[in-house]
Amino acid sequence: MKKILTCFCFTDIHNQQAMLDYPTTVRGSLVQAKELAVREFGLADVALVGGDNISDYPHWNKSCALPKKNFLDLKQKMHACISESVKDGRVLYVAGNNDMILGDIGTAENEPYNTTDFYDLMDEAFGPLPSGECLPLTAKEKPGERYLGAFHYVVNGVDFIGINIHPDTAFNSHEGYYSNETLRWVKSKLDEIDPEGKKPVFVVGHLSANYYYTDGKLTETMVNGDRALFYEIFRGHQNAFYLYGHVHGETSCYRDFSSGAVLHMAEDGTPLDANLQASDSRGREYAYSFVHMGGLRPFGRQYFAEDGLSGYGGEETVSYYPHTATPTLAQFLVFEVYPDRVVFYIRNTGKHEHYAQTDLLKEYTVYLK
Numbered sequence: 205m206k207k208i209l210t211c212f213c214f215t216d217i218h219n220q221q222a223m224l225d226y227p228t229t230v231r232g233s234l235v236q237a238k239e240l241a242v243r244e245f246g247l248a249d250v251a252l253v254g255g256d257n258i259s260d261y262p263h264w265n266k267s268c269a270l271p272k273k274n275f276l277d278l279k280q281k282m283h284a285c286i287s288e289s290v291k292d293g294r295v296l297y298v299a300g301n302n303d304m305i306l307g308d309i310g311t312a313e314n315e316p317y318n319t320t321d322f323y324d325l326m327d328e329a330f331g332p333l334p335s336g337e338c339l340p341l342t343a344k345e346k347p348g349e350r351y352l353g354a355f356h357y358v359v360n361g362v363d364f365i366g367i368n369i370h371p372d373t374a375f376n377s378h379e380g381y382y383s384n385e386t387l388r389w390v391k392s393k394l395d396e397i398d399p400e401g402k403k404p405v406f407v408v409g410h411l412s413a414n415y416y417y418t419d420g421k422l423t424e425t426m427v428n429g430d431r432a433l434f435y436e437i438f439r440g441h442q443n444a445f446y447l448y449g450h451v452h453g454e455t456s457c458y459r460d461f462s463s464g465a466v467l468h469m470a471e472d473g474t475p476l477d478a479n480l481q482a483s484d485s486r487g488r489e490y491a492y493s494f495v496h497m498g499g500l501r502p503f504g505r506q507y508f509a510e511d512g513l514s515g516y517g518g519e520e521t522v523s524y525y526p527h528t529a530t531p532t533l534a535q536f537l538v539f540e541v542y543p544d545r546v547v548f549y550i551r552n553t554g555k556h557e558h559y560a561q562t563d564l565l566k567e568y569t570v571y572l573k
């Protein structure tokens, strides 16, 4: 069957503030991921950026003095990089919890601004969203800024719903969650576009919901917000996929099989099986699926090349950070949509043993119901 769509997923880039001394620098693993994806799959039809684009290194509660010009410079460079991997600049951005922390107070150089504002880039690529296709939010601390709780785009006939952390749950905090208003909007939109529960629909968010693989084990990760309402969103939508980031680093990487990134869920949000070495979904009964998009930043210093960058990083003096640039361990997700199936590929960007660029994980196929 003819392929409908190819999608590249880049998440948790964490362009640390130590990397943001002006002019800014895009993290090397994003550049590598873009180049590797295009080399193997050709240009994608759309790319998803899963949040924590900016980050908060080294102190989240000292990171609000980032000048707006730095953010705008990084925003332009990130988008230019990612746009080289897709057709017509079609890139969708959602906000991570770390993104919300930055830029929420004024500095000597600028007034408060919105570090999650990639909306203009999406408007340019896809056209402005009609009122019924997005949920505008008002942030108490920055009422003049544009925020979207959720939005809906269609690419090559495939539906994508972006879901964002509510800014009022995240300012000056390392946490954040989806508001009930946003969750109800997404549920209504899913019911509207998929009334029979059969269409492949991709809901893209940052928060990792309830589970992810860590050394082959499943772990609870959603600590705030209405979890029951979150799972209710997907009830009755058999071919819905929730794509997420938030969990990343050395304990959240996959080896040999891409199937580890895919969790098949019961309607109540319980994972039904650990398909760590499976090739496809045949014979599995489930209500919907969650898919981890990987992560482009690990944590341990041993996973970084010696190409650190200088930056103030919230400190009073400029310092050199040797593990802020190109990691040797990082992963990203690619998926292809066909009329009867979705094929998922986890790929490596670095040179770490067992996680090198040449180590191609076996794909995992989800057959549509």
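The opening residue of the sequence shown carries number 205 in this note's numbering; numbering runs sequentially from there. Where is the CB? At the ideal position from N, CA and C, for every residue including glycine.
- Counting along the chain, the unbroken beta strand (DSSP E) around isoleucine 367 starts and ends at 362-367.
- Secondary-structure assignment with DSSP links methionine 469 through a beta bridge to Pro475, Tyr492.
- Under the three-state reduction of DSSP, threonine 528 is assigned to coil, being neither helix nor strand.
- For tyrosine 417, the pairing in a beta bridge is given by DSSP as Leu422.
- Here phenylalanine 322 carries a coil assignment [DSSP, helix/strand/coil].
- Here the C-alpha atom of valine 362 lies approximately 14 angstroms from the C-alpha atom of lysine 393.
- Annotation: the continuous alpha helix (DSSP H) that includes asparagine 301 extends over 301-305.
- Under the three-state reduction of DSSP output, arginine 545 falls in the strand class.
- Per the coordinates, the alpha-carbon of aspartate 292 lies some 14 angstroms from the alpha-carbon of phenylalanine 212.
- Residue environment for histidine 218: buried (at least 16 other C-beta atoms within 10 angstroms of its C-beta).
- Here alanine 374 carries a coil assignment [DSSP, helix/strand/coil].
- The three-state reading of DSSP puts asparagine 257 in coil, since its state is none of H, G, I, E or B.
- By the criterion of a C-beta distance shorter than 8 angstroms, valine 290 is surrounded in its chain by Phe212, Leu247, Ala248, Asp249, Val250, Ala251, once the five residues flanking it on both sides are discounted.
- When DSSP states are grouped into helix, strand and coil, asparagine 552 belongs to the strand group.
- Note on geometry: alpha-carbon atoms of alanine 482 and leucine 276 lie some 43 angstroms from one another.
- Distance between arginine 350 and glutamate 557, taken at the CA atoms: about 44 angstroms.
- Counting of Cβ neighbours within 10 angstroms places tyrosine 524 among the exposed residues, the total staying below 16.
- Here the alpha carbons of glutamate 424 and alanine 470 stand approximately 15 angstroms from one another.
- Excluding residues up to 5 positions away in sequence, Phe406, Ser493, Val495 lie with their Cβ nearer than 6 angstroms to the Cβ of phenylalanine 445 in the same chain.
- In this structure, the beta-carbon distance from histidine 370 to leucine 325 does not fall below 8 angstroms.
- Residue range 351-359 is occupied by the beta strand (DSSP E) that includes histidine 356, with no alpha helix (DSSP H) assigned at that position.
- It is roughly 13 angstroms from the alpha-carbon of lysine 402 to the alpha-carbon of tyrosine 490.
- Per DSSP, the unbroken beta strand (DSSP E) holding phenylalanine 212 starts and ends at 209-214.
- About 6 angstroms separates the beta carbon of leucine 513 from that of alanine 222, a gap short enough to meet the 8 angstroms contact definition.
- Histidine 410 places its beta carbon less than 8 angstroms from that of asparagine 301.
- Shortest Cα-Cα distance from lysine 573 to any of Leu565, Asp460, Arg545, Tyr549 involves Arg545.
- Note that the C-beta distance between valine 408 and glycine 254 is below 8 angstroms.
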